[in-house]
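Chemist: Before I ask anything, let me first share the structure, which is written out below as structure tokens.
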Ligand code: C5P
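Numbering (my numbering), first residue to last: 130 to 361.
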């Protein structure tokens, strides 16, 4: 299974996003497009970045009734993206409908990844507000297992959870892990971070890296360092 660094394009507008990508000459980093850029610029920004030769993880975290998610996924798979995600909290029926919707006429489809619990959700909030009276770590693992059972390709998780997810759901079940920082780098709002090297040791398949690359003085050098440390 191909391992890679995915650069989070957390920009508001197309202009700054494309200017950032222009800085890369021969390399075409795998990129993540999130809600801000997608809602601001629409599907055209996805087509434009795809046409430049980048692989794309569309991070829209769908969560709705199975019929709606299935139809929305069918539209998204027409964009030629490589990876997309949804909330495992939508349930197995929704996840299966999403997979069906994503599958193109020729049988190909983007990878489908599940969000288990958002890292912004604390165990206390999950128990008190979502009324899930279980330890958070157990819920994350059970949701990952539900996603695997529904036929999904993997989960978004902390690099700290990658090993346990692989043990529970299989080595081929992908772990896509944000919260990555260079040794000694600014952690910003991320609470529990890992270096690219440590994430690789824990078995992460893809690391999602934003500000350590997008806000570096030399983004190309930061990307190259990330690749070097993660892929060895
Ligand atoms: O700048 P930074 O490296 O923190 O960016 C990480 C990216 O991964 C952001 O786009 C953020 O929204 C996303 N993400 C995250 N934690 C999650 C899920 C997604 O940081 N649990």
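Note that beta-carbon positions come from the ideal geometry of N, C-alpha and C, so glycine has one too.
If I'm right that residue 191 touches residue 215 with Cβ under 8 Å, what's the distance once you round it to whole angstroms?
Modeler: On the chain shown, residue 191 is found 62 positions in, with the first residue counted as 1. On the chain shown, residue 215 is found 86 positions in, with the first residue counted as 1. Sure, about 4 Å apart at Cβ, within 8 Å.
Chemist: Can you give the beta carbon distance from residue 227 to residue 202, rounded, assuming they're within the 8 Å contact cut?
Modeler: Here residue 227 refers to the residue found at position 98 when the chain shown is read from its first residue. Here residue 202 refers to the residue found at position 73 when the chain shown is read from its first residue. Correct: roughly 5 Å between the Cβ atoms.
Chemist: Is it the case that the CB of residue 197 approaches a heavy atom of the ligand C5P more closely than 8 Å?
Modeler: Looking up residue 197 in the chain shown gives position 68. No, the ligand C5P has no heavy atom inside 8 Å of this Cβ.
Chemist: Name the DSSP bridge partner or partners of residue 337?
Modeler: Locating residue 337 in the chain shown gives position 208, counting from the first residue. Bridge partners of residue 337 according to DSSP: 135.
Chemist: Nearest to residue 286 by alpha carbon, out of 270, 165, 279 and 280?
Modeler: Locating residue 286 in the chain shown gives position 157, counting from the first residue. Nearest of 270, 165, 279 and 280 to residue 286, Cα basis: 270.
Chemist: Looking only at its own chain, which residues have a Cβ that is under 8 Å from the Cβ of residue 303, when we skip the five neighbours before and after it?
Modeler: Position 174 of the chain shown, counting from 1, holds the residue named residue 303. Correct list, in chain order: 130, 240, 242, 282, 283, 284, 334 and 335.
Chemist: What residue range is occupied by the uninterrupted alpha helix (DSSP H) comprising residue 311?
Modeler: In the chain shown, counting from the first residue as 1, residue 311 sits at position 182. Taken as a continuous stretch (DSSP letters only), residue 311 belongs to no alpha helix (DSSP H), as it is neither H nor E.
Chemist: With a threshold of 16 other CB atoms inside 10 Å of the CB of residue 246, please say whether the residue is buried or exposed.
Modeler: Numbered from 1 along the chain shown, position 117 holds the residue referred to as residue 246. Classification of residue 246: buried, given that the 10 Å Cβ count is 16 or more.
Chemist: Would you kindly work out how many angstroms separate the C-alpha atoms of residue 186 and residue 168, rounded to a whole number?
Modeler: Stepping through the chain shown from its first residue, residue 186 is reached at position 57. Stepping through the chain shown from its first residue, residue 168 is reached at position 39. Distance between the alpha carbons of residue 186 and residue 168: 15 Å.
Chemist: Go ahead and pull the three-state DSSP assignment for residue 188.
Modeler: Your numbering for residue 188 matches position 59 in the chain shown. If DSSP states are grouped into helix, strand and coil, residue 188 belongs with the strands.
Chemist: With DSSP as the reference, label residue 225 as helix, strand or coil.
Modeler: In the chain shown, the residue the question calls residue 225 occupies position 96. Three-state DSSP puts residue 225 in a helix.
Chemist: Taking the alpha helix (DSSP H) that residue 251 belongs to, which residues open and close that run?
Modeler: Residue mapping note: residue 251 aligns to position 122 of the chain shown, counting from 1. For residue 251, there is no enclosing alpha helix (DSSP H), as DSSP marks it with neither H nor E.
Chemist: Helix, strand or coil: which one does DSSP assign to residue 304?
Modeler: Taking the first residue of the chain shown as 1, we reach residue 304 at position 175. Strand at residue 304.
Chemist: I need the straight-line Cα distance from residue 141 to residue 149, nearest angstrom please.
Modeler: As a first step, residue 141 is located in the chain shown; it is residue number 12 there, counting from the start. As a first step, residue 149 is located in the chain shown; it is residue number 20 there, counting from the start. Cα to Cα, the separation comes out at about 12 Å.
Chemist: How big is the Cα-Cα spacing for residue 162 and residue 295?
Modeler: Numbered from its first residue, the chain shown carries residue 162 at position 33. Numbered from its first residue, the chain shown carries residue 295 at position 166. Cα to Cα, residue 162 sits roughly 26 Å from residue 295.
Chemist: Going along the chain, which residues of its own chain have a beta-carbon closer than 8 Å to the beta-carbon of residue 257, five neighbours each way excluded?
Modeler: Locating residue 257 in the chain shown gives position 128, counting from the first residue. Same-chain partners within the cutoff: there are none.
Chemist: So, with DSSP's three-state summary, where would you put residue 284?
Modeler: Here residue 284 refers to the residue found at position 155 when the chain shown is read from its first residue. Residue state, collapsed to three classes: strand.
Chemist: Express the C-alpha separation of residue 317 and residue 339 in angstroms, rounding to a whole number.
Modeler: To locate residue 339, count along the chain shown from 1; it is residue 210. To locate residue 317, count along the chain shown from 1; it is residue 188. Those two C-alpha atoms are separated by around 11 Å.
Chemist: For residue 175, is the beta carbon positioned less than 8 Å from some heavy atom of the ligand C5P?
Modeler: By one-based count along the chain shown, residue 175 stands at place 46. No - the ligand C5P has no heavy atom lying nearer than 8 Å to the Cβ of residue 175.
Chemist: Could you tell me the distance, in whole angstroms, from the CA atom of residue 175 to the CA atom of residue 138?
Modeler: Start at 1 with the first residue of the chain shown, and residue 175 comes out as number 46. Start at 1 with the first residue of the chain shown, and residue 138 comes out as number 9. Their Cα atoms are separated by approximately 11 Å.
Chemist: Along the chain, where does the beta strand (DSSP E) containing residue 200 start, and where does it finish?
Modeler: As a working mapping, residue 200 is identified with position 71 in the chain shown. Run containing residue 200: none in the beta strand (DSSP E); it sits in the alpha helix (DSSP H), 195-206.
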